[in-house]
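2 protein chains.
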Amino acid sequence: MKLLKSHKTFEGKTEFWSHPSSTTKTEMKFSTFIPDGEIRGCLIWLSGLTCTEENFITKAGAQKYLSERKLMVIAPDTSPRGLNLPGEHDSYDFGSGASFYVNATVKPYSDHYKMYDYINEELYSLIKSEFKVSKISIFGHSMGGHGALVIGLKNPGKYQSISAFSPIVNPILAPWGVKAFTGYLGEDKSAWKSYDATELVKAGNKHPAKILIHQGTHDEFLIRELLTTHLMDAASEVNQEIEIVFPDGYDHSYYFISSFMEEHIRHHGKYLS
Amino acid sequence: MKLLKSHKTFEGKTEFWSHPSSTTKTEMKFSTFIPDGEIRGCLIWLSGLTCTEENFITKAGAQKYLSERKLMVIAPDTSPRGLNLPGEHDSYDFGSGASFYVNATVKPYSDHYKMYDYINEELYSLIKSEFKVSKISIFGHSMGGHGALVIGLKNPGKYQSISAFSPIVNPILAPWGVKAFTGYLGEDKSAWKSYDATELVKAGNKHPAKILIHQGTHDEFLIRELLTTHLMDAASEVNQEIEIVFPDGYDHSYYFISSFMEEHIRHHGKYLS
């Protein structure tokens, strides 16, 4: 691991790192906030389409609340970089900046776009080995909210809690998801369901902690891409405890995320402390 | 005034605006946060070198504290845009993004770079006429901290209070200031002093409110460009009330600014409420 930048922030440090990933076979970057003194737990933040490791750590305003609760956060980049695969840089919703946190099975993406394993195995192990933190939770935004729900629901023993802002909860029925899953996983839709939070809940995947979701009512992607009510209905059928809040007037931006960041960190803090 | 974007944020709105400026003879942009309900007062934020109207409003984490105190903020761009004056875009510390908030007297900058008047007259009037707010304070960062100190000290009756993060307090002795003042004001250094906070205090300019300054000890520009102790010494000679805090380990970035934003908004809130 190489430390690229370090900035004292509240009672801790905002830092930027890179490391050679054995999973993606590329150099991967991530940002962290590390509170001074003992670290009680770690939150993995997964960002949305077009983001890098920078968006969350500069715009979400999380450091104050993490500092107060002695929690660290790690926010990885949203895809491998430095490659030049066919079509990788042609659109904002596929390829670079748009991994959808799956393990691609379609060549040549399958050689590098293993972001599910990168997060759930490599980054997860790195948190334990390099930062010496054992309690880990996961949250994210939009495509990253989808990633957090999927990774958390499939691995309830590894994550203390899950939350999301404006997640894509049923990607197999959303244009963004259909495009990405076709490109990464192929035309056979049976493989898609294991990366769809609503389908996972329907199939019996559960998490012991209450899942917290905030979804702004003025989000321009709500009806077409996010499909929040699909997860709400599935969870209620199988008694997965979930709290979905629809704050009035908020959109899909980091201005919305920052407004409810304290609530999410407080939520995870209950399970991490 | 044209509203470009609006995002609900905490209990209020983050907005982006443009308007034709009669002072700079260009289209000028600014961002605002406007709390819901009655507005108790307005803070003008002046940004530093290379910034636009976006940096503060996306990175400083101010909206929470402004929302709680029913204060608005207005953060203008740091220079005129859309021109192509000789040398205007050649360096980060002169021309576009680097107005230093002076009224240029050297041709052709003097036709447009009237940022002192833009802030202190045009934007000030616009706050009163368009946003109906009568109590106004001013603060800023680095070059913008210099701007806030100079504008506030020269117009104590117009601003309830002044504060700054990492300000350039004695620009006539700093390489950044010397370069900018030579370009905007010419070689005659006697004209420079009226845009230098330390010189203004020495010459008897005072503000009735305590001036608050935060200056990180690990700021890479502290010794060469910011010269904080010069203002400290001048203020103590003339009994200008000033509190200069040197928090240990912080640098020149928005990570530092965000860490102490609440203290500055609380400070101004005392004078604006």
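Heads up: the sequence lines are chains A and B, in that order.
Heads up: take any position in the first sequence, counting from 1, add 82, and you land on the numbering used here.
Heads up: take any position in the second sequence, counting from 1, add 82, and you land on the numbering used here.
In this text, a Cβ means the ideal position worked out from N, Cα and C, and glycines have one as well.
What you are looking at is a predicted structure, and each value in this text was computed from that prediction instead of being measured.
For residue i, the three-state DSSP class (helix, strand or coil)
i, result
"residue 117/B", "strand"
"residue 189/A", "coil"
"residue 168/A", "coil"
"residue 355/A", "coil"
"residue 357/B", "One cannot answer for residue 357/B here, as it falls past the ends of chain B, which runs 83 to 355."
"residue 86/B", "strand"
"residue 234/B", "helix"
"residue 176/A", "strand"
"residue 135/B", "coil"
"residue 156/B", "strand"
"residue 109/B", "strand"
"residue 246/A", "strand"
"residue 194/B", "coil"
"residue 302/B", "coil"
"residue 309/B", "coil"
"residue 102/B", "strand"
"residue 327/B", "strand"
"residue 342/A", "helix"
"residue 265/A", "helix"
Cβ neighbours of residue i in the same chain (closer than 7 Å, five flanking residues each side left out)
i, result
"residue 214/B", "none"
"residue 339/A", "142, 223, 247"
"residue 114/A", "97, 99, 154, 155, 156"
"residue 349/A", "243, 245, 294"
"residue 204/B", "103, 104, 105"
"residue 313/A", "251, 252, 279, 280, 283"
"residue 353/A", "219, 242, 243, 291"
"residue 108/A", "162, 163, 164, 165, 194"
"residue 139/A", "96, 113, 115, 157"
Same chain, Cβ closer than 8 Å to residue i, neighbours up to 5 away in sequence not counted
i, result
"residue 325/A", "292, 293, 294, 295"
"residue 187/A", "266, 267, 268, 273"
"residue 212/B", "83"
"residue 320/B", "283, 284, 286, 288"
"residue 347/A", "125, 144, 147, 148, 151, 153"
"residue 121/B", "152, 153, 154, 213, 214, 215"
"residue 196/A", "105, 106, 185, 186"
Sequence-distant residues of the same chain with beta carbon closer than 6 Å to residue i, five excluded per side
i, result
"residue 282/B", "235"
"residue 229/A", "128, 183, 222"
"residue 315/A", "none"
"residue 95/A", "88, 116"
"residue 277/B", "184, 232"
"residue 146/B", "92"
"residue 342/B", "296"
"residue 123/B", "153, 217, 354"
"residue 275/B", "281"
"residue 198/A", "183, 184, 185"
"residue 264/B", "none"
"residue 322/B", "283, 288"
"residue 226/B", "128, 129, 130"
Whole-angstrom C-beta distance between residue j and residue i, which should lie under 8 Å
i, j, result
"residue 220/A", "residue 209/A", "Not a contact, Cβ separation roughly 11 Å."
"residue 92/B", "residue 149/B", "4 Å"
"residue 202/A", "residue 237/A", "6 Å"
"residue 174/B", "residue 131/B", "6 Å"
"residue 181/B", "residue 170/B", "Contact doesn't hold; Cβ gap of about 11 Å is too wide."
"residue 172/A", "residue 134/A", "Not quite, the Cβ-Cβ distance comes to about 18 Å (not below 8 Å), so this is no contact."
"residue 110/A", "residue 200/A", "7 Å"
"residue 176/A", "residue 261/A", "6 Å"
Neighbour list for residue i in chain D, Cβ cutoff strictly below 8 Å
i, result
"residue 141/A", "Absence of chain D from the displayed structure is noted, the protein chains being A and B."
Check: residue i C-beta below 7 Å from any heavy atom of the ligand GTP
i, result
"residue 298/A", "This structure does not include the ligand GTP; it has no bound ligands of any sort."
Proximal residues, the segment 122–137 of chain A versus chain B, C-beta separation under 7 Å: none
Touch check for the segment 290–310 of chain B and the segment 331–342 of chain B: three-plus C-beta pairs under 8 Å? yes
Contact residues within the segment 88–116 of chain A, judged by C-beta distance below 7 Å to chain B: 89, 90, 91, 92, 96
What are the residues of the segment 323–336 of chain A that lie near chain B, defined by any Cβ-Cβ distance shorter than 9 Å? 329, 330, 331, 332, 333, 335, 336
Is the segment 302–314 of chain A in contact with the segment 253–266 of chain A, if contact means three or more CB pairs nearer than 8 Å? Yes, the segment 302–314 of chain A is in contact with the segment 253–266 of chain A.
Against chain A, which members of the segment 214–244 of chain B pass a CB distance test of less than 9 Å? none
Please list the residues of the segment 311–323 of chain A that have a C-beta atom closer than 7 Å to any C-beta atom in chain B, keeping them in chain order. If you check each beta-carbon in the segment 311–323 of chain A against every beta-carbon of chain B, none falls closer than 7 Å.
Any C-beta of chain B within less than 8 Å: which residues of the segment 166–187 of chain A qualify? none
Against chain B: residues of the segment 276–303 of chain A by CB proximity under 8 Å: 298, 300
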